[in-house]
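*Asks:* One structure follows; several queries about it will come next.
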Amino acid sequence: MPTQTPVIEMRHVDKHYGPLHVLQDINLSVDKGEVVVLIGPSGSGKSTLCRTINRLETIDSGEILIEGEPLPQEGKQLAQMRAEIGMVFQSFNLFAHKTILDNVTLGPREVLKTPKDVAEREAMELLARVGVEAQAHKVPAQLSGGQQQRVAIARSLAMHPKAMLFDEPTSALDPEMINEVLEVMVELAREGMTMVVVTHEMNFARRVSNRVVFMADGQIVEEGTPDEFFDHPKSLRAKDFLDSIRGH
Amino acid sequence: MSAHTVSMRDALYEEPGPKTRRRTRIVTAVSLVLVAVGVGFVVRQFYITGQLDAKYWSFFLRPSTWLYIAGGFLGTLRVAAVAGAIALVLGILLMLARTSGVKPLAAIARVITDFFRGVPSLLLIYFFYLALPQYGLRISAFWMITLPVALAASGVLAEVFRAGVNAVPRGQTEAALSIGLTPGKTMIKIVLPQALRIVVPSLISQLVVVVKDTTVAYVVSYPDLMQNARVLITNNDALVQVYFVVAILYVLVNFAINQLSIYMARRSGNPIISRATENPT
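This is the structure in structure tokens:
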């Protein structure tokens with residue numbers, strides 16, 4: 090094991106929603122360039138875990154470190170840290186009142202203070218990279234779900250993030266649009282982006298991830314390489330889960 | 002209201018069947034007859050009591066009458082416009098304070114909002130008219146009517162804006178925060194612009210209320226449409242006639258405001274109905 094500082098590290102993280110213990114003693118570390126996939130039945134806490142990493146969800150106890158530094162609690166430091174970690178949501182969440190181009194340039198211009206022409210040039214390059222440059226001057230509602238999600242990825246990339254969080258990025262998509270989004274993600278993984286991906290796409294998990302983390306009932310039940318996990322799951326919970334999604 | 006979008010009413014509308022169509026025709030015919038009878042009765046009463054006599058209407062032929070009405074009309078517009086503008090700004094500030102997350106500030110904003118929303122504007126006018134001068138604060142009749150009307154409206158508008166802000170999907174805020182915008186910038190750049198579009202219809206109806214509220218200007222003797230109407234009535238002894246004309250003017254102003262809102266709703270262009278707006282799980 091290299092002794093390099095992990096990009097994301099969670100130590101003994103706990104979180105409750107009222108009586109519900111949604112995250113139980115979570116320990117997880119993600120190294121630079123690693124692609125970690127979180128899978129598990131719905132309600133297992135995987136989305137919540139993902140959202141705690143940029144503090145869209147707070148935690149009750151434990152520690153979250155970003156490149157060895159504790160996650161800031163508020164203010165400019167928190168905003169700064171969020172700017173360095175991209176996030177892609179299940180429901181895209183493109184800014185509904187802004188054009189596609191403005192969606193992508195907003196972060197660089199407001200947060201990084203990039204000049205307008207530079208921000209727009211970069212945005213167009215990113216939009217071309219995810220294949221939606223022709224839509225640059227439309228508003229989000231005029232795009233298909235798959236296109237919107239690719240724009241959302243471009244919007245995150247425009248901030249030059251250290252790591253990207255994907256919270257079920259294909260779950261709200263029509264089946265024929267899932268692949269166009271996954272392909273962009275595969276490409277990112279190949280380029281060495283550090284990624285945490287909550288997903289139900291098992292093929293993606295198997296093909297792209299370095300590590301699969303299986304969660305159930307707020308706990309990490311097991312983790313391992315995709316081959317280990319999919320071919321020889323250790324826990325009964327994981328076996329049951331894999332059987333149920335394979336449909337036999 | 003606007004014809005080119007599918008409104009909730011259109012969406013819930015069901016094509017009527019033959020029985021319903023017949024019933025609709027019958028109800029329409031009966032209503033028309035009732036309205037005609039009603040109007041006929043009113044006109045007849047007016048005729049019998051001599052309200053239609055030329056002497057009650059002839060002064061409308063004098064330019065000075067119309068000049069006087071126009072003066073009042075301008076007064077009304079001036080008060081309504083300034084009060085509306087103050088109320089908009091104050092309403093947004095109160096809403097921002099209330100949703101700021103800073104507890105004491107939010108509490109103060111809430112008390113102010115509820116106070117102005119709950120107190121009748123006439124009472125506020127009395128405060129400015131009768132109470133303030135006792136403490137040596139002298140303001141003109143214009144501000145004595147404009148300020149209370151603005152304050153009363155600001156309370157309501159603060160709530161309208163808050164409803165608008167709450168109607169913007171949570172995901173918009175999360176996305177803005179996740180690219181590193183501060184909560185303040187998120188509100189100004191992302192949430193507020195969308196909230197404003199959502200509340201345009203409510204804003205307009207509140208503007209109509211402001212126009213109607215200005216009619217109590219006679220309390221402070223400010224020469225608005227209503228006050229000048231009262232003077233005309235005394236001078237010409239023609240109550241029904243003057244109020245009839247004035248009512249039409251008020252309807253016209255508010256009709257114009259409504260048309261303006263439809264125009265603005267069309268112009269603000271971008272369709273912002275997103276496909277998946279809420280976060281499941």
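As given, the protein sequences belong to chains A and B, one line each in that order.
Residues in the first sequence are numbered consecutively from 90, following this note's numbering.
Residues in the second sequence are numbered consecutively from 2, following this note's numbering.
Virtual Cβ for every residue (Gly too), placed ideally from N, Cα, C.
Just so we're clear, the structure is a prediction, and the values are computed from it rather than from any experiment.
#1: Report the partner residues of A:Gln-308 according to the DSSP bridge assignment.
#2: Measure the C-alpha to C-alpha separation of A:Ser-361 and A:Gly-129 and round it to an integer number of angstroms.
#3: Looking at the secondary structure, which residues open and close the alpha helix (DSSP H) in which B:Ala-88 lies?
#4: Could you tell me the alpha carbon to alpha carbon distance between A:Glu-98 and A:Asn-116, rounded to whole angstroms?
#5: Determine whether the Cβ of A:Ser-180 lies closer than 8 angstroms to any Cβ atom of chain B.
#6: Taking the alpha carbon of B:Phe-74 as the reference point, which residue from B:Leu-261, B:Thr-183, B:Tyr-136 and B:Ile-249 has its own alpha carbon closest?
#7: Are B:Ala-107 and B:Ser-155 touching if we call contact CB-CB under 8 angstroms?
#8: For A:Leu-216, collect the residues of the same chain with a Cβ closer than 8 angstroms to its Cβ; drop the 5 residues on either side in sequence, then sort them by chain order.
#9: Return yes when the Cβ of A:Met-213 is within less than 8 angstroms of the Cβ of A:Met-253, no when it is not.
#10: I'd like to know whether the C-beta atoms of B:Ala-177 and B:Ile-191 end up nearer to each other than 8 angstroms.
#11: Using the Cα positions of A:Leu-331 and B:Val-200, report the straight-line distance between them to the nearest angstrom.
#12: Should B:Arg-102 be flagged as near chain A, meaning a C-beta pair shorter than 8 angstroms?
#13: Return the CA-CA distance between A:Ser-298 and A:Lys-227, expressed in angstroms with no decimal places.
#14: My assumption, with CB atoms under 8 angstroms, is that A:Ala-168 sits in contact with B:Thr-183. Please give the rounded CB distance.
#15: Give the residues from the region 13-36 of chain B that approach chain A closer than 7 angstroms (Cβ to any Cβ), ordered along the chain.
#16: Who are the neighbours of A:Arg-244 on chain B, taking C-beta pairs under 7 angstroms?
#17: Jot down the residue ranges of each uninterrupted alpha helix (DSSP H) in the region 246-287 of chain A, minimum 4 residues, whole runs only, in chain order.
#18: Candidates B:Val-217, B:Ser-206, B:Gly-165 and B:Lys-213: which alpha carbon is nearest B:Leu-193's?
#19: Can you find a CB in chain A that lies within less than 8 angstroms of the CB of B:Gln-228?
#20: Could you tell me how far apart the beta carbons of A:Met-284 and A:Phe-255 are, in whole angstroms, since I believe they sit closer than 8 angstroms?
#21: At what residues does the beta strand (DSSP E) containing B:Gln-173 begin and finish?
#22: Let me make sure I understand the geometry here. Which of B:Ser-262, B:Val-157 and B:Ser-32 has the alpha-carbon closest to that of B:Val-211?
#23: Report back the beta-carbon spacing between A:Ala-185 and A:Ala-230 to the nearest angstrom; my notes put them in contact at under 8 angstroms.
#24: Give me the DSSP bridge partner(s) of A:Val-119.
#25: Please report the distance separating the alpha-carbon of A:Glu-317 from that of A:Asp-149.
#26: Of all the options A:Arg-279, A:Glu-265 and A:Lys-328, which has the alpha carbon lying nearest to the alpha carbon of A:Ala-305?
#27: How about B:Lys-213: is its C-beta nearer than 8 angstroms to some C-beta of chain A?
#28: A:Lys-165 versus chain B: which residues are under 9 angstroms apart at the beta carbon?
#29: Is there contact here, the region 271-278 of chain A with the region 195-203 of chain A, by at least three beta-carbon pairs under 8 angstroms?
#30: Which residue marks the beginning of the beta strand (DSSP E) containing A:Glu-152, and which one marks its end?
#31: Within 8 angstroms of any Cβ in chain A, is that where the Cβ of B:Pro-194 sits?
#32: Between B:Asp-238 and B:Trp-144, what straight-line distance do the alpha-carbon atoms span, to the nearest angstrom?
#33: Let me see if you follow: with CB-CB separation under 8 angstroms, is B:Leu-165 close to chain A or not?
#34: Could you check how far apart the C-beta atoms of A:Leu-138 and A:Leu-127 are, in whole angstroms? I think they sit under 8 angstroms.
#35: For B:Pro-17, does the three-state DSSP call read helix, strand or coil?
#36: Where does the unbroken alpha helix (DSSP H) through A:Ile-334 begin, and where does it stop?
*Replies:* Let me spell this out:
#1: A:Ala-305
#2: No statement about residue 361 of chain A is possible, as the shown extent of chain A runs from 90 to 337 and does not include it.
#3: 64-99
#4: 8 angstroms
#5: yes
#6: B:Ile-249
#7: no
#8: Ile-189, Leu-190, Val-193, Glu-222, Gln-224, Ala-225, Val-240 and Ala-243
#9: no
#10: yes
#11: 48 angstroms
#12: Correcting the residue identity first, residue 102 of chain B is Gly in this sequence and not Arg. No, because no Cβ of chain A sits closer than 8 angstroms to the Cβ of B:Gly-102.
#13: 34 angstroms
#14: 5 angstroms
#15: none
#16: Ile-180
#17: 264-279
#18: B:Gly-165
#19: no
#20: 7 angstroms
#21: That residue, B:Gln-173, is in no beta strand (DSSP E); its alpha helix (DSSP H) goes 171-179.
#22: B:Val-157
#23: 7 angstroms
#24: A:Ile-97
#25: 32 angstroms
#26: A:Lys-328
#27: no
#28: Thr-183
#29: no
#30: 150-155
#31: yes
#32: 30 angstroms
#33: A quick correction: the sequence has Gly, not Leu, at residue 165 of chain B. Chain A, which has no Cβ nearer than 8 angstroms to the Cβ of B:Gly-165, makes this no.
#34: 6 angstroms
#35: coil
#36: 325-335
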